[in-house]
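As structure tokens, the structure follows; a few thoughts come after it.
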Ligand SMILES: [Zn+2]
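Here it is, written out as structure tokens:
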């Protein structure tokens with residue numbers, strides 16, 4: 010099986026999981042600021058320790074409910090990891106609890122996506138060399154860059170606002186929406202890194218955490234990504 014076919018089948022199996030779960034439940038994912046390496050997380054199986062979180066819909070208590078397995082690819086290798094599903098004791102909604110090294114509905118780790126997007130949308134190189142360095146198919150990398158560029162104006166504004174909200178520098182938008190979004194993500198992470206726990210997470214796990222894994226998702230709003238209102242950052246586990 011070629012890498013592309015393998016990726017296709019992995020994504021298909023993941024989508025099947027998602028379809029199964031989404032009949033009765035909300036498809037909302039919560040991303041928790043996990044600092045474990047992908048290998049460490051995979052090795053822990055179902056025994057990863059998770060933070061206690063409140064329901065993003067109603068702030069009710071979330072309890073363990075079920076879970077599923079899925080794949081994450083990093084540095085050209087796929088690992089099978091456990092994703093728990095939590096259920097709100099108050100409103101009944103269920104939420105998948107993703108570690109911050111993942112993006113929702115993406116096979117590749119957030120850091121890999123971030124590396125490619127930074128190189129290409131930042132103007133450093135074209136998609137092909139960036140995809141080769143990251144060890145991902147060209148079409149996959151091209152898809153990330155297109156999606157990032159499409160969302161860049163919105164991401165730039167939101168992350169720039171988050172930077173200021175966290176006490177960081179106001180962003181002077183550089184030319185180009187892609188560069189603006191990258192600069193704003195960098196500024197927001199720099200501001201977050203002044204708070205306990207966030208620096209060690211790195212910029213792309215941070216970005217996945219605050220967007221609910223939807224950094225490059227199509228038309229979607231994260232429950233956490235409500236800059237300027239109630240809640241914009243998930244809690245750092247102790
Ligand atoms: Zn709830």
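Numbering (the numbering used here), first residue to last: 10 to 247.
Just so you know, even glycine gets a beta-carbon here, dropped at the ideal spot from N, CA and C.
Got a sec: does ligand 1 put a non-hydrogen atom nearer than 6 angstroms to the Cβ of residue i?
i, result
"residue 6", "Residue numbering for the chain in the displayed model covers 10 to 247; residue 6 lies beyond these limits and cannot be assessed."
"residue 75", "no"
"residue 63", "no"
"residue 69", "yes"
"residue 99", "yes"
Quick one: what's residue i bridged to in DSSP?
i, result
"residue 77", "92"
"residue 114", "The partner list for residue 114 (beta bridge, DSSP) is empty, contrary to what the question assumes."
"residue 105", "38 and 94"
"residue 70", "63"
Here's the rule: buried if 16 or more other CB atoms are within 10 angstroms of the residue's CB, otherwise exposed. What is residue i?
i, result
"residue 108", "buried"
"residue 148", "exposed"
"residue 103", "buried"
"residue 155", "exposed"
"residue 127", "buried"
"residue 163", "exposed"
"residue 227", "exposed"
"residue 52", "exposed"
"residue 196", "buried"
"residue 184", "exposed"
If you follow the alpha helix (DSSP H) that residue i is in, where does it begin and where does it stop?
i, result
"residue 140", "136–143"
"residue 194", "186–201"
Go ahead and pull the three-state DSSP assignment for residue i.
i, result
"residue 217", "helix"
"residue 98", "coil"
"residue 164", "helix"
"residue 207", "coil"
"residue 10", "For residue 10, the predicted model reports a pLDDT of 42, less than 50, meaning its position is unreliable; a value from the coordinates is still stated below. In this structure, residue 10 counts as coil in the three-state DSSP scheme."
"residue 86", "strand"
"residue 33", "Note that residue 33 scores a pLDDT of 34, beneath 50, so its modelled location is shaky and nothing firm can be said."
"residue 158", "helix"
Does at least one heavy atom of ligand 2 sit under 6 angstroms from the Cβ of residue i?
i, result
"residue 161", "Among the ligands modelled here, namely ligand 1, ligand 2 does not occur."
Beta strand (DSSP E) containing residue i: first to last residue?
i, result
"residue 40", "38–41"
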